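Reviewing the structure listed below.
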Amino acid sequence: MNEGIKETLAFKSPCSDSSNICTFRIADFGCSAGPNTFLAMEKIIEAVEQKYHAQFQNSPPLELQVFFNDVTTNDFNTLFKTLPLYQKYFAAGVPGTFYGRLFPKSTLHLACSSYSLHWLSKVPEEVVDKKSPAWNKGSIQCSGTAEEVAKAYSAQFKTDMDNFLNARAQEIIGGGLMVIIIPGLPDGILMSQTGAGIFNDFFGSCLIDMAKLGVISEEKVDSFNLPLYYSSAKELEEIIKNNGHFFKRKVLQHR
Ligand SMILES: C[S@@+](CC[C@H](N)C(=O)[O-])C[C@H]1O[C@@H](n2cnc3c(N)ncnc32)[C@H](O)[C@@H]1O
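Heads up: the sequence shown at position 103 corresponds to 1093 in the numbering used here, and the numbers run straight through without jumps.
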């Protein structure tokens, strides 16, 4: 993020109004109840201020506004009760899904989202449809082994990412920056071969055992799928490229 802010964030001047007050607006999409979001905001602000002061030596100090977004059922009470006492920014909560518009046009300078965009807006319908070749019987996730299931999840991920990118493209000012941190799969690795995938399969097999014992119905287990998708870096890069609203600067992969 530091590098991106230093090298890519092109703020001509955030003091666009005549009052000469410079307001820099940041939004965290999928902030949860803290504290990770506070640390992320602190780091972003540090880098933004450094860049601003290096670029505009004699300009008025930046005023910072941070918008914390999450779904309406998020625990915003805990988030705001634990807000650091001496934060340098004006904080505001923005409830609602990030798969649609949440801000007026051209109001944000920097958008970030960490460990949130792998949550799909919904489970793809085909995977719970008994008549579909993508019916995901016996599994609660997109493990990657059944091609039709993987296709259905991948299509849902693409639709969701497109909606996210389209909405943010309206909200972020030209020259602004977006940082996405998302869990994904190294090329050629299936979800079922990852730690998270193994855990989900194990959890699914517990539910199947419970159905066998008659604790819950088999139908209920069959109808349960996690709205979760780990894409490869290549898949995500292609979505961003085809969407066309954002110029991709860099993809960093960590294992
Ligand atoms: C694993 S937490 C990540 C929290 C924090 N960003 C971090 O990096 O630790 C994922 C968050 O994404 C939120 N989320 C999932 N889908 C969302 C959506 N469609 N719109 C807004 N928030 C969403 C969840 O409610 C949850 O708080």
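In this text, a Cβ means the ideal position worked out from N, Cα and C, and glycines have one as well.
Given the structure is predicted, the values throughout are model-derived calculations rather than measurements.
Tyr-1105 has no beta-bridge partner at all, per DSSP. Ligand 1 has a heavy atom closer than 6 Å to the beta-carbon of Trp-1109. Cβ-Cβ distances below 7 Å link Ala-1030 to Asp-1018, Cys-1102 and Ser-1104 in the same chain, with the five nearest sequence neighbours on each side left out; the list follows chain order.
Straight-line measurement puts the Cα of Gly-1178 at about 15 Å from the Cα of Gly-1185. Here DSSP, grouped into helix, strand and coil, assigns Gln-1131 to coil. Under DSSP, Cys-1012 shares a beta bridge with Leu-1052. In the displayed model, Tyr-1042 falls within a helix according to three-state DSSP. Set against 6 Å, the gap from the CB of Tyr-1105 to the closest heavy atom of ligand 1 is smaller. A check of alpha carbon separations from Phe-1080 across Asn-1156, Glu-1032 and Asn-1126 identifies Glu-1032 as the nearest. Following the DSSP letters along the chain, one finds Ala-1081 inside the beta strand (DSSP E) bounded by residues 1079 to 1085.
Only residues of its own chain outside the window of five on either side were considered, and among them Val-1139, Ala-1140, Tyr-1143, Met-1181 and Tyr-1219 have a CB closer than 7 Å to the CB of Cys-1132, listed in chain order. Going by DSSP, Val-1169 is part of the beta strand (DSSP E) stretching over 1162 to 1171. The DSSP-derived three-state label of Ser-1144 is helix. In summary, Glu-1116 is buried, with 16 or more beta-carbon neighbours lying within 10 Å of its beta-carbon over all protein chains present. In the DSSP assignment, Ser-1182 forms no beta bridge with any residue.
Between Ala-1201 and the set Leu-1098, Ala-1157 and Gly-1128, the nearest pair of CA atoms involves Gly-1128. Secondary structure note for Ile-1206: it is in no alpha helix (DSSP H), with a DSSP letter that is neither H nor E. At least one heavy atom of ligand 1 sits closer than 6 Å to the Cβ of Asn-1026. Burial state of Ala-1136 is buried, judged by a 10 Å Cβ sphere holding 16 or more other Cβ atoms.
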